[in-house]
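Those protein sequence lines, which keep their order, are chains A and B. If you want our numbering, it's the 1-based position in the first sequence plus 16. If you want our numbering, it's the 1-based position in the second sequence plus 346. Here's the structure we're looking at; comments come further down.
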Amino acid sequence: MSVFNRSYREYKGEIKGRFFKIWSIATQTFRVQFSGKKIIFLLILCNLPVISFTLMLIFSAIFFPAFVREFFLGGLGGVDATMYTIINFSFNPGLIFLPIVFICALNSGTIANDKKNNSLALYFSRPITRIDYAIGKALSVYMVSSFVTFVPWFVFLVTFNLLEGVSGLAIKTVIMTYLSTFASGFLIVFFMGSIVLYFSSISKQSVLGGILSILVLFLPSLVASLIAEFIEADWIQYFSIALIIVAAVFLIFGSPSTSMFGMNFFESTLSGGVAITLMITIGIIFLLMTINRLYREEVS
Amino acid sequence: MSSLVHQKEILCVEGITKIFGKKNSPQSIIALDAISFKMNAGANALLGPNGAGKSTLIKILLSYLKADQGEAQLLGHDIFKEGMLIRQKVGYMPEHFAIIPGVNAVKQVSLLGRISGLPKEEAMQRAHETLQYVGLNEARYRKVKEFSTGMLQRLKLAQTLVNDPELIILDEPTNGLDPNGRIDMIELVKEISKEHGINLIVSSHLLPDIEATCEFATIINKGAVVAQGKISELTYQETRSVEKKNMKVEIRGDLERFLAALQTKGIPFQLFENTILVQYSDEEISTVLLKLAYENDIQIRTMVPSEAILEDVFVHRIADMNNKNGLPTKETKIEVSK
């Protein structure tokens, strides 16, 4: 029927299932959260380490082809060690505030804006459960957050493989690097994203949600550094978000040799298993708290 | 429960109770007090003063809230067990401002269509059609945040229609609209019900709008039903039952003199421009008025008893209930909830 005919048409077609509805919420929210000019600036800023490495790789391949092999495979110790080094650069204690600010700033309005605009009344009058809504919103947060984790990392890996080529025994290492990169990225995204999602659900003000999530992600590190002034213990390091992320990624990448030209910069001293367990547990707890909060939310 | 619902009934509520706060506590508020009623297929009005329990009932029907007791079926489905099925078949237009932030009108309606289970292309096509249908064709690509109140009301109506529901629940559909917008909205709602056979439950404070759009009315107060039936029957009963009736009288001649004569006879009246509204309880009033006119050399042009309107039914039934109850403790509590 032409849209220019003003009339009402009945619908007798198919009705899609639950996953389609969840995916619709996720993709629509992702488009809204990921729009605007400030995003490009933030993205470049947060991905500076990976952008630098990728550009270095491309220029080296064009002007000094021998350097690629010498620096990335010889100097850094292989594609897996190179990838781990890049992740380490992005999430080390000095630079971790960039991805944290990006993830918190872009996702703090995910549920807060819906509460502010009474969208919940529109969503919950549809045939979806509140869990479906929460999962849809969580997926959107994870998708947005992936742009400071595995999306740029994959860009680097693909560039690396295209320029360097893959042959023989290296295939297994390359496949494992891709899987490790995805696993590391997803773990970080799930951990941070779930925390931001929860704080987005507690208030109608997205700014408040953003500030609270940034505080929650930073405060433990600050407290730990203060405690460390008085007590000397390894467990205090588990309060640092940057250190547990690095420890988890280090284990996921199979504890690669990270001696950059003979110097051990990035070897983690924390237990990767404990770090992964902590990140998954905290992520699950915050996700469940978000769902619980949504079930208690009164819809006007 | 299934035996309770006949084909022509869209809603069957039995003993639904909802108490806010801790049960048996003095602070608890009884929003719905074992309410039972049925609604027929067609256009139904759900009326009541503030705090009557209308919104609570709608929230329970849409599974936003859980009832403490009772059972109910909407479109033949148990509201407590088949909430998803119900929401698949029902469109809800909330009273308050409700938008999906950051999107334009067509994207909002299309998203809500997809969440209702429509495939992506179909949802987009129907979003365009329903926006055209409600008169928002020109504004389809504008951000909904920029919409005026009237446009937002139309947008909310479009999103209720996108999944072709069997029943639409409209909460104050003419709220905040200017007179022209109100007329347009009433026409749309009437058309949806009469020409497309979609059942309606309309909750509104504007009783003339209800009279214009609905066939049946259910009036609730203090969580209980005070009147129910066809609006025409309710107003007819009201006209017959009231003790003091009104007669609309228009005259040609000396108005001052006629009014003075009415005063002398002790007949109460009110003057609206050239129409005199004479209050009477005696069925012989027309003879009395004709005699008065003859004596004062005045010609009576029209003399018709004025019919009760829905507002009269509403006001009197609620007043009757309050008088009967003599303001018990429960009523005081509900007043607090206002």
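Using N, Cα and C, we set each Cβ at its ideal position, and we do this for glycine too. Bear in mind that the values here come from a model prediction, so they are computed numbers and not experimental data.
{"Asked": "Reduced DSSP category for residue 437(B) - H, G, I as helix; E, B as strand; rest coil", "Found": "strand"}
{"Asked": "Given 8 Å, three or more beta-carbon pairs between the stretch 204 to 219 of chain A and the stretch 105 to 120 of chain A", "Found": "yes"}
{"Asked": "Ranges of the alpha helix (DSSP H) found wholly within the stretch 509 to 544 of chain B, counting only runs of at least 4", "Found": "525 to 540"}
{"Asked": "Contacts around residue 657(B), its chain only, beta-carbon distance under 6 Å, and the 5 residues preceding and following it disregarded", "Found": "553"}
{"Asked": "When 111(A), 74(A), 120(A), 253(A) are compared against residue 55(A), the one with the closest alpha-carbon", "Found": "120(A)"}
{"Asked": "Cβ-based contacts, 7 Å cut-off: residues of the stretch 423 to 443 of chain B near chain A", "Found": "430, 433, 434, 438, 440, 442, 443"}
{"Asked": "Listed by chain order, chain A residues near residue 551(B) by CB distance under 8 Å", "Found": "Within 8 Å Cβ-Cβ: nothing; residue 551(B) doesn't reach chain A, min ~17 Å."}
{"Asked": "CA-to-CA distance, residue 271(A) to residue 199(A), given in whole angstroms", "Found": "14 Å"}
{"Asked": "The stretch 177 to 197 of chain A touching the stretch 151 to 158 of chain A, judged by at least three CB pairs closer than 8 Å", "Found": "no"}
{"Asked": "Closer than 9 Å at the beta carbon, the chain C residues around residue 468(B)", "Found": "No chain C is present in this structure, whose protein chains are A and B."}
{"Asked": "Interface partners of residue 371(B) on chain A, CB under 7 Å", "Found": "Neighbours of residue 371(B) on chain A: none; closest Cβ ~19 Å, over 7 Å."}
{"Asked": "Residue interval of the beta strand (DSSP E) (run including residue 94(A))", "Found": "First-last for residue 94(A): undefined, no H or E at that position."}
{"Asked": "Contact list for residue 137(A) against chain B, beta-carbon separation under 7 Å", "Found": "440, 444"}
{"Asked": "Closest Cα partner of residue 37(A) within the set 580(B), 466(B), 522(B)", "Found": "466(B)"}
{"Asked": "Any C-beta of chain B under 8 Å from that of residue 215(A)", "Found": "no"}
{"Asked": "For residue 309(A), the first and last residue of its enclosing beta strand (DSSP E)", "Found": "Premise fails: residue 309(A) lies in the alpha helix (DSSP H), 288 to 312, not in any beta strand (DSSP E)."}
{"Asked": "For residue 596(B), three-class secondary structure by DSSP", "Found": "strand"}
{"Asked": "Cα-Cα separation between residue 313(A) and residue 498(B), rounded to whole angstroms", "Found": "24 Å"}
{"Asked": "Contacting residues, own chain, Cβ-Cβ under 6 Å from residue 357(B) (five flanking each side not counted)", "Found": "385, 420"}
{"Asked": "In chain order, each alpha helix (DSSP H) run of at least 4 residues that lies wholly inside the stretch 114 to 175 of chain A", "Found": "125 to 132, 135 to 139, 146 to 161"}
{"Asked": "Beta strand (DSSP E) segment containing residue 468(B), residue limits", "Found": "Residue 468(B) -> not in any beta strand (DSSP E); alpha helix (DSSP H) instead, spanning 466 to 479."}
{"Asked": "8 Å Cβ cutoff, residue 448(B) in contact with chain A", "Found": "yes"}
{"Asked": "is_contact[residue 40(A), chain B] using C-beta, thresh 8 Å", "Found": "yes"}
{"Asked": "Whole-number beta carbon distance between residue 210(A) and residue 302(A), since they are thought to touch under 8 Å", "Found": "4 Å"}
{"Asked": "Proximity of residue 503(B) and residue 525(B) at Cβ, strictly below 8 Å", "Found": "no"}
{"Asked": "Residue 142(A): contacting residues in chain B (beta-carbon distance under 7 Å)", "Found": "433, 458, 461, 462"}
{"Asked": "Within 9 Å of chain A by C-beta, residues of the stretch 408 to 423 of chain B in sequence order", "Found": "408, 409, 410, 411"}
{"Asked": "Sequence ranges, alpha helix (DSSP H) only - wholly within the stretch 385 to 434 of chain B, length at least 4", "Found": "400 to 407"}
{"Asked": "Residue 640(B) (DSSP reduced to helix, strand or coil)", "Found": "helix"}
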